[in-house]
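Number of protein chains: 2
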Amino acid sequence: MGKEKTKYCTCLYYSANALSRIMTKISDEEFAITGLSSSYAFLLMIVNENPGVQPTEISHQMQLTPSTVTRLIEKMEYRNYLERKTVGRTTEVYPTKQAKELHPKIQKAWANLYNRYSTVLGKEFSKQLTADIYKATQVL
Amino acid sequence: MGKEKTKYCTCLYYSANALSRIMTKISDEEFAITGLSSSYAFLLMIVNENPGVQPTEISHQMQLTPSTVTRLIEKMEYRNYLERKTVGRTTEVYPTKQAKELHPKIQKAWANLYNRYSTVLGKEFSKQLTADIYKATQVL
DNA sequence: AAATATTGTTTGTACATACAAATATAATTT
DNA sequence: AAATTATATTTGTATGTACAAACAATATTT
Numbered sequence: 001m002g003k004e005k006t007k008y009c010t011c012l013y014y015s016a017n018a019l020s021r022i023m024t025k026i027s028d029e030e031f032a033i034t035g036l037s038s039s040y041a042f043l044l045m046i047v048n049e050n051p052g053v054q055p056t057e058i059s060h061q062m063q064l065t066p067s068t069v070t071r072l073i074e075k076m077e078y079r080n081y082l083e084r085k086t087v088g089r090t091t092e093v094y095p096t097k098q099a100k101e102l103h104p105k106i107q108k109a110w111a112n113l114y115n116r117y118s119t120v121l122g123k124e125f126s127k128q129l130t131a132d133i134y135k136a137t138q139v140l
Numbered sequence: 001m002g003k004e005k006t007k008y009c010t011c012l013y014y015s016a017n018a019l020s021r022i023m024t025k026i027s028d029e030e031f032a033i034t035g036l037s038s039s040y041a042f043l044l045m046i047v048n049e050n051p052g053v054q055p056t057e058i059s060h061q062m063q064l065t066p067s068t069v070t071r072l073i074e075k076m077e078y079r080n081y082l083e084r085k086t087v088g089r090t091t092e093v094y095p096t097k098q099a100k101e102l103h104p105k106i107q108k109a110w111a112n113l114y115n116r117y118s119t120v121l122g123k124e125f126s127k128q129l130t131a132d133i134y135k136a137t138q139v140l
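Same order as they appear, the protein sequences are chains A and B.
In this text, residue positions in the first sequence follow this note's numbering: the first is 1, and each later residue adds one.
In this text, residue positions in the second sequence follow this note's numbering: the first is 1, and each later residue adds one.
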């Protein structure tokens with residue numbers, strides 16, 4: 001780890017992975033006030049805002065594999081934040097009272113996260129960077 | 001997964017993670033000709049070019065945790081690509097014949113990786129993007 | 001209506017990575 | 001020289017993610 005220069009810093013694979021690890025760390029730090037790590041917080045946000053949403057839709061929103069989403073939901077169900085209702089071949093995911101109550105805190109944490117990195121990186125740069133990265137994900 | 005737009009695409013955490021997953025996939029595809037996945041290939045590259053290099057130095061180069069590096073080395077030792085020699089409190093890592101022989105293929109794969117994404121993204125854009133991402137990792 | 005294909009979800013399994021604690025050695029202080 | 005602190009590495013354990021296969025239900029074709 002650390003901030004030394006590496007021969008590989010000109011490799012997109014390398015840089016992208018490094019950034020991902022750092023952002024995950026920062027994000028987890030900010031979401032700590034919710035008692036959840038980032039992925040679970042985002043999952044709850046999505047379900048809170050779309051009660052009854054289906055795993056497939058969640059996997060689109062979160063840009064994660066369906067199997068990963070199942071795993072995330074399972075854990076949140078176990079911890080009493082979510083409930084699943086099977087409807088035909090689909091599944092509907094609902095927030096529990098506990099999840100709904102957490103919503104403001106999650107939103108706050110998300111805002112903090114945004115403020116944190118956009119302060120450090122500069123508002124313009126971070127906006128541009130995010131957009132460029134997103135563009136790359138769409139093209140690749 | 002997929003290419004649908006999500007509310008969260010303006011979040012750096014989200015975009016960065018998405019890009020990281022995609023790049024890892026692409027990179028693994030390109031390194032497949034070496035029979036290794038990306039991290040192991042990069043590890044071998046580093047050791048081939050710096051025989052006797054220590055785990056700490058590797059962890060700087062790879063921007064990974066020391067414990068992760070230990071795990072990577074362990075596996076490559078098991079697969080007969082690397083050897084460890086304990087020297088005082090440090091460890092020196094050496095490539096085996098097998099690793100040395102693989103070096104050209106690894107370099108080829110790395111070049112292919114570069115060509116692949118810089119073709120899709122455009123040479124200028126991908127260069128700029130990589131630089132910007134690297135810059136962000138240094139600041140955050 | 002039966003056979004086939006498609007879609008949505010979950011399960012088994014595996015992997016990369018990290019954190020915290022343990023270990024081992026070296027360096028510094030007293 | 002003994003005690004303390006610092007550094008390098010490894011180990012135990014946990015997490016997030018994915019792939020491939022299995023399962024279940026719906027839709028389509030024949």
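All C-beta atoms, glycine included, are put in the ideal place defined by N, C-alpha and C.
| task | Provide the residue span of the beta strand (DSSP E) that contains LYS85(A), from first to last. | result | Taken as a continuous stretch (DSSP letters only), the beta strand (DSSP E) holding LYS85(A) covers 82-87.
| query | Who pairs with VAL93(A) in a beta bridge, going by DSSP? | reply | Its beta-bridge partners are VAL53(A), ARG84(A).
| query | From GLN63(A) to ALA18(B), what distance separates their C-alpha atoms? | reply | Going from the Cα of GLN63(A) to the Cα of ALA18(B) covers about 7 Å.
| message | Quick check: the Cα distance between MET23(A) and ILE106(A), rounded to an integer number of angstroms? | response | Approximately 17 Å, taken between the alpha carbons.
| Residues of chain B with a CB under 8 Å from the CB of LEU139(A): which are they? | Correcting the residue identity first, residue 139(A) is Val in this sequence and not Leu. When 8 Å is used as the limit between beta carbons, VAL139(A) is near these residues of chain B: VAL120, LEU121, in chain order.
| task | Please confirm if GLN61(A) has its CB atom under 8 Å from at least one CB of chain B. | result | Chain B contact via Cβ: present.
| request: Please report how far the alpha carbon of PHE125(B) lies from the alpha carbon of LYS97(B), in whole angstroms. | output: Here the alpha carbon of PHE125(B) sits roughly 39 Å from the alpha carbon of LYS97(B).
| request: Answer with yes or no whether the minimum CB distance from MET23(A) to chain B is below 8 Å. | output: With 8 Å as the cut-off, MET23(A) counts as an interface residue toward chain B.
| Closest by CA to LYS204(A), which one among LYS123(B), ILE133(B), GLY122(B)? | Residue 204(A) is absent from the structure shown; chain A starts at 1 and stops at 140.
| task | Answer yes or no: does any C-beta atom of chain A fall closer than 8 Å to that of ALA18(B)? | result | At least one C-beta of chain A is nearer than 8 Å to the C-beta of ALA18(B).
| query | CB-CB under 8 Å to LYS75(A), same chain, minus the five flanking residues each way: which ones, in chain order? | reply | Listed in chain order, the non-local C-beta contacts of LYS75(A) below 8 Å within the same chain comprise TYR40, local neighbours out to five positions each way being set aside.
| request: Taking ALA99(B) as the query, report the chain A residues whose CB atoms sit under 8 Å from its CB, ordered along the chain. | output: Against ALA99(B), chain A offers no close residue; the least beta-carbon distance is about 18 Å (beta-carbon pairs closer than 8 Å).
| request: Answer with yes or no whether the minimum CB distance from TYR13(B) to chain A is below 8 Å. | output: So, interface residue.
| DSSP three-state call for THR34(A): helix, strand or coil? | Helix.
| request: Could you name the residues of chain B that TYR134(A) contacts, counting a contact when the two beta carbons are closer than 7 Å? | output: By Cβ distance, chain B contributes CYS9, SER15.
| query | By a C-beta neighbour count over all protein chains shown, 10 Å radius and 16 as the cutoff for buried, is GLU49(B) buried or exposed? | reply | GLU49(B) counts as exposed, since fewer than 16 other beta carbons sit within 10 angstroms of its beta carbon.
| query | What is the DSSP secondary structure of LEU163(A), counted as helix, strand or coil? | reply | What is shown of chain A runs 1 to 140, which leaves residue 163(A) out entirely.
| Assuming GLU30(B) and ARG84(B) make a contact with CB atoms under 8 Å, what is their CB distance in whole Å? | That pair is no contact at about 28 Å.
| request: Could you tell me which chain B residues have their CB closer than 9 Å to the CB of LEU82(A), listed as they occur along the chain? | output: Ordered by position in chain B, no residue passes the 9 Å Cβ test against LEU82(A), which lies about 18 Å from the chain.
| query | Roughly how many whole angstroms lie between the Cα atoms of GLY2(A) and THR56(B)? | reply | Below a pLDDT of 50, predicted positions are generally treated as unreliable, and GLY2(A), at 42, falls in that range; the measurement from the model is reported next regardless. Those two C-alpha atoms are separated by around 10 Å.
| Which residues in the same chain as LEU102(A) place their Cβ atom closer than 7 Å to its Cβ, once the five residues preceding and following it in sequence are excluded? | Within the same chain, and ignoring the five residues on either side of LEU102(A) in sequence, the residues whose Cβ sits closer than 7 Å to its Cβ are THR34, LEU44.
| field | Against chain A: residues of the region 66-97 of chain B by CB proximity under 7 Å | value | For the region 66-97 of chain B, which is checked against every Cβ of chain A, not one residue is closer than 7 Å.
| request: Can you say whether GLU4(B) is buried or exposed, counting buried as having 16 or more other CB atoms within 10 angstroms of its CB? | output: Caution applies to GLU4(B), whose pLDDT of 49 falls short of 50 and renders its modelled position unreliable; the value that the coordinates give is listed next. It is exposed - the Cβ of GLU4(B) has fewer than 16 other Cβ atoms within 10 Å.
| request: Please look up how many angstroms separate the CB atoms of TYR81(B) and PRO95(B), rounded, as I've assumed it's under 8 Å. | output: Taking a contact as a CB-CB distance under 8 Å, the pair TYR81(B) and PRO95(B) counts as one, their CB atoms being some 7 Å apart.
| query | Just to confirm, are TYR78(A) and SER38(B) a CB contact at a threshold of 8 Å? | reply | The answer is no: Cβ separation not under 8 Å.
| Hey, would you say LEU129(B) sits closer than 8 Å to LEU121(B), going by beta carbons? | Yes, the Cβ-Cβ distance between LEU129(B) and LEU121(B) is below 8 Å.
| query | Considering THR10(A), what are the terminal residues of the alpha helix (DSSP H) in which it resides? | reply | That residue, THR10(A), is in no alpha helix (DSSP H); it is neither H nor E in DSSP.
| Hey, does SER37(A) have any beta-carbon neighbour from chain B nearer than 8 Å? | It does not; no Cβ of chain B falls within 8 Å.
| field | Best match in CYS11(A), ASP28(A), TYR8(A), THR10(A) for proximity to ASN112(A) [C-alpha to C-alpha] | value | Put simply, of CYS11(A), ASP28(A), TYR8(A), THR10(A) the residue whose alpha carbon is nearest the alpha carbon of ASN112(A) is ASP28(A).
| field | Under 9 Å from the C-beta of LEU113(B): neighbouring residues of chain A | value | In chain order: CYS11, LEU12, TYR13.
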